[in-house]
Amino acid sequence: MTPDEIFQDRIDRGIKIEPKDYMPEGYRKTLIRQISQHAHSEIVGQLPEGNWITRAPSLRRKAILLAKVQDEAGHGLYLYSAAETLGVSRDQMIADLHSGKAKYSSIFNYPTLTWADIGAIGWLVDGAAIINQIALCRCSYGPYARAMVRICKEESFHQRQGYEILLTLCRGTKEQKAMAQDALNRWWWPSLMMFGPHDSESPHAEQSTKWKIKIVSNDGLRQKFVDQTVPQGEYLGLTFPDPKLKWNAVRGHYDFGEIDWQEFKNVIQGNGPCNRDRLRARIEAHEQGAWVREAAMAYAKKHENKAAA
Amino acid sequence: MNEWPLWEVFIRGQHGLAHQHAGSLHAPDAETALNNARDVYTRRNEGVSIWVVKSSDITASSPSEKGPLFEPAASKPYRHPTFYEVPDEVKHL
Ligand SMILES: [Fe+2]
Ligand SMILES: [Fe+2]
Numbered sequence: 179m180t181p182d183e184i185f186q187d188r189i190d191r192g193i194k195i196e197p198k199d200y201m202p203e204g205y206r207k208t209l210i211r212q213i214s215q216h217a218h219s220e221i222v223g224q225l226p227e228g229n230w231i232t233r234a235p236s237l238r239r240k241a242i243l244l245a246k247v248q249d250e251a252g253h254g255l256y257l258y259s260a261a262e263t264l265g266v267s268r269d270q271m272i273a274d275l276h277s278g279k280a281k282y283s284s285i286f287n288y289p290t291l292t293w294a295d296i297g298a299i300g301w302l303v304d305g306a307a308i309i310n311q312i313a314l315c316r317c318s319y320g321p322y323a324r325a326m327v328r329i330c331k332e333e334s335f336h337q338r339q340g341y342e343i344l345l346t347l348c349r350g351t352k353e354q355k356a357m358a359q360d361a362l363n364r365w366w367w368p369s370l371m372m373f374g375p376h377d378s379e380s381p382h383a384e385q386s387t388k389w390k391i392k393i394v395s396n397d398g399l400r401q402k403f404v405d406q407t408v409p410q411g412e413y414l415g416l417t418f419p420d421p422k423l424k425w426n427a428v429r430g431h432y433d434f435g436e437i438d439w440q441e442f443k444n445v446i447q448g449n450g451p452c453n454r455d456r457l458r459a460r461i462e463a464h465e466q467g468a469w470v471r472e473a474a475m476a477y478a479k480k481h482e483n484k485a486a487a
Numbered sequence: 005m006n007e008w009p010l011w012e013v014f015i016r017g018q019h020g021l022a023h024q025h026a027g028s029l030h031a032p033d034a035e036t037a038l039n040n041a042r043d044v045y046t047r048r049n050e051g052v053s054i055w056v057v058k059s060s061d062i063t064a065s066s067p068s069e070k071g072p073l074f075e076p077a078a079s080k081p082y083r084h085p086t087f088y089e090v091p092d093e094v095k096h097l
């Protein structure tokens with residue numbers, strides 16, 4: 179058997195690939211792209227929610243939101259570290275994000291206009307991320323799969339706190355409920371886009387499935403999300419902004435309308451409502467933190483010299 | 005006295021799991037440490053991969069710092085899913 183065949187056989191038998199194992203260049207490249215993109219999404223994903231930390235309506239909500247955003251920073255760290263085991267440096271990944279070469283999830287290019295958006299993000303955006311991440315716990319690359327297990331454990335409160343925010347608003351005044359409805363109207367479709375294009379439209383899907391980098395198809399995950407989420411929204415007494423959304427007893431699933439793929443492409447290409455803002459904020463934070471990184475290094479060097487002397 | 009350095013041994017018990025600390029041993033260099041770790045810690049199929057790390061390269065938290073390091077997490081129950089009230093009728097949350 180050739181090295182590639184041995185590699186594939188290992189994957190077929192469900193044995194994880196570890197950093198020092200042989201892997202085809204395509205596998206390494208695909209994983210670096212996917213894991214770093216995932217890491218960037220965790221980091222950029224802090225921005226829309228961070229926008230509301232200072233304006234959370236109570237100390238309780240503020241502490242919760244802080245804890246959640248802090249978790250997302252940790253998720254970014256786990257994922258950057260997993261990508262580094264494949265031979266790419268942290269600096270390179272960050273440079274690729276800042277130059278626009280690397281992407282992050284398009285959902286984070288939408289603005290958080292009201293407090294209800296924080297509820298909608300936890301419920302829908304973290305909800306969609308969890309469905310994706312649970313599947314990835316079984317992916318073939320050991321460091322990525324293990325990072326996913328850890329992340330999934332931490333995510334479990336993210337979705338619940340979002341739902342709780344919306345539940346509170348929906349039990350509140352007419353205006354508060356309208357605010358929750360408005361948030362659902364704006365976040366529903368972008369959340370469905372998080373699962374990516376139809377399987378028939380995603381060029382690398384077949385190879386990624388063979389390598390067990392992709393475990394469940396985009397459409398399969400999206401359907402699961404819709405099936406789980408619609409009853410939750412109905413319990414809130416909210417309406418989904420999709421006239422085609424309907425339970426299909428024959429399929430045993432909800433039918434739903436077509437995503438506006440033109441909007442999806444637009445946002446990915448950099449023309450969403452907040453793309454420029456998000457990148458500017460990331461680059462600024464990185465540049466303004468440069469002196470801290472340098473000072474810490476200088477301090478460490480100084481003490482190293484002292485210890486050696 | 006010229007004692008061989010101490011090495012900490014980490015073993016991956018099974019494919020897919022992370023390496024876990026198994027114990028330590030003395031050895032003159034990394035290669036010998038690895039070989040000896042294999043002989044000492046994996047005689048009954050305990051592992052599929054070994055790491056050895058010089059003990060002196062490990063920075064550990066001190067037991068006396070346990071309070072300030074770990075107690076603050078105790079007052080943050082909102083980091084756990086059980087903190088949130090979700091009605092019984094609502095599934096998959
Ligand atoms: Fe996350
Ligand atoms: Fe999250």
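The listed protein sequences derive, respectively, from chains A and B.
Here the first sequence is numbered in the working numbering, starting from 179 and rising by one per residue.
Here the second sequence is numbered in the working numbering, starting from 5 and rising by one per residue.
Glycine included, C-beta positions come from ideal geometry on N, C-alpha and C.
Closer than 7 Å by beta-carbon distance: list the chain B residues that pair up with Gly-320/A, in chain order. Gly-20
inquiry  = Let me check understanding here. Comparing Cα to Cα, which of Ile-393/A, Tyr-200/A and Asp-433/A lies closest to Asp-405/A?
reply    = Asp-433/A
For this session: Excluding the 5 residues preceding and the 5 following Lys-246/A in the sequence, name in chain order all residues of the same chain whose CB lies nearer than 8 Å to its CB.
Result: Glu-227, Gly-300, Phe-335, His-336 and Gln-339
Exercise for review: Tell me whether Thr-232/A is buried or exposed, calling it buried when 16 or more other Cβ atoms sit within 10 Å of its Cβ.
Suggested key: exposed
Residues, ordered as in the chain, of the region 349-362 of chain A that lie near chain B by beta-carbon distance below 9 Å: none
Chain-ordered neighbours of Arg-324/A on chain B, where CB pairs are closer than 7 Å = Ala-22
At what residues does the alpha helix (DSSP H) containing Ala-64/B begin and finish? Ala-64/B -> no alpha helix (DSSP H), and no H or E assigned at all.
* Asked: Can you tell which of Gln-270/A, Gln-401/A, Gly-320/A and Pro-375/A has the C-alpha that lies nearest to the C-alpha of Trp-389/A?
  -> Gly-320/A
DSSP bridge partner residues for Phe-14/B (one or two, in chain order) = His-25/B and Trp-55/B
- Task: Determine the contact status of Ser-283/A and Val-445/A, defining contact as a CB-CB distance below 7 Å.
- Result: no
Along chain A, in chain order, which residues have C-beta atoms closer than 9 Å to that of Pro-91/B? Leu-345 and Tyr-413
ask   = Is His-25/B near ligand 2, judged by its Cβ being under 6 Å from some heavy atom?
value = no
Given the structure, does Asp-199/A come close to ligand 2, in the sense that its CB is under 6 Å from one of the ligand's heavy atoms?
no
Taking the alpha carbon of Ala-298/A as the point to measure from, which residue in Val-266/A, Leu-370/A, Leu-237/A and Lys-279/A has its own alpha carbon closest? Leu-370/A
- [ ] Measuring only between beta-carbons, confirm whether Leu-73/B sits less than 7 Å from chain A.
- [x] no
According to DSSP, residues forming a beta bridge with Lys-424/A:
Asp-433/A
> Is the CB of Ala-234/A under 7 Å away from at least one CB in chain B?
Replying inline: no
For this session: Give, in chain order, every unbroken run of the alpha helix (DSSP H) that is at least 4 residues long and sits entirely within the region 319-362 of chain A.
Result: 320-348
Check: In the DSSP assignment, what are the bridge partners of His-96/B?
Finding: BP columns for His-96/B are empty, so no partner.
query: For ligand 3, any of its heavy atoms closer than 6 Å to the Cβ of Glu-220/A?
result: In the structure on display, ligand 3 does not appear, and the ligands it does have are ligand 1 and ligand 2.
Check: Quick one, are the C-beta atoms of Ala-280/A and Ala-361/A less than 7 Å apart?
Finding: no
| Tell me which same chain residues have a C-beta within less than 6 Å of the C-beta of Pro-81/B, skipping the five on either side of it? | Phe-87
Which residues of chain A have a Cβ atom closer than 8 Å to the Cβ of Lys-95/B, listed in chain order?
Gln-406, Pro-409 and Gln-410
key: Residues that DSSP places opposite His-30/B in a beta bridge   = Leu-10/B
Fill in: Cutoff 7 Å; reference His-218/A; Cβ partners in own chain excluding five residues on either side
Leu-275, Ala-280 and Tyr-282
_Can you give me the C-alpha to C-alpha distance between Ala-78/B and Pro-85/B, rounded to a whole angstrom?_
14 Å
Beta carbon proximity, Tyr-341/A to chain B, threshold 7 Å = yes
* Based on Cα-Cα distance, which residue from Arg-211/A, Thr-290/A and Lys-352/A lies nearest to Met-271/A? -> Arg-211/A
Could you check where the alpha helix (DSSP H) with Ile-189/A kicks off and where it finishes?
181-190
Requested in this report: State yes or no: is the beta carbon of Arg-83/B nearer than 7 Å to at least one beta carbon in chain A?
Outcome: yes
Evaluate Phe-442/A with the Cβ neighbour count: other Cβ atoms within 10 Å of its Cβ, from every protein chain shown; 16 or more gives buried, anything less gives exposed.
buried
To which residues does DSSP link Ile-195/A through a beta bridge? Tyr-319/A
With the cut-off set at 7 Å, would you say Leu-302/A and Trp-365/A are in Cβ contact? yes
Checklist entry - If you draw a straight line from the alpha carbon of Gln-440/A to that of Pro-375/A, how long is it in whole angstroms? => result 11 Å
*Taking only beta-carbon positions, decide if Ser-334/A is within less than 7 Å of chain B.*
yes
Practice prompt. Return the chain-ordered ranges of every alpha helix (DSSP H) run that is complete within the region 268-295 of chain A and spans a minimum of 4 residues.
Written response: 268-277
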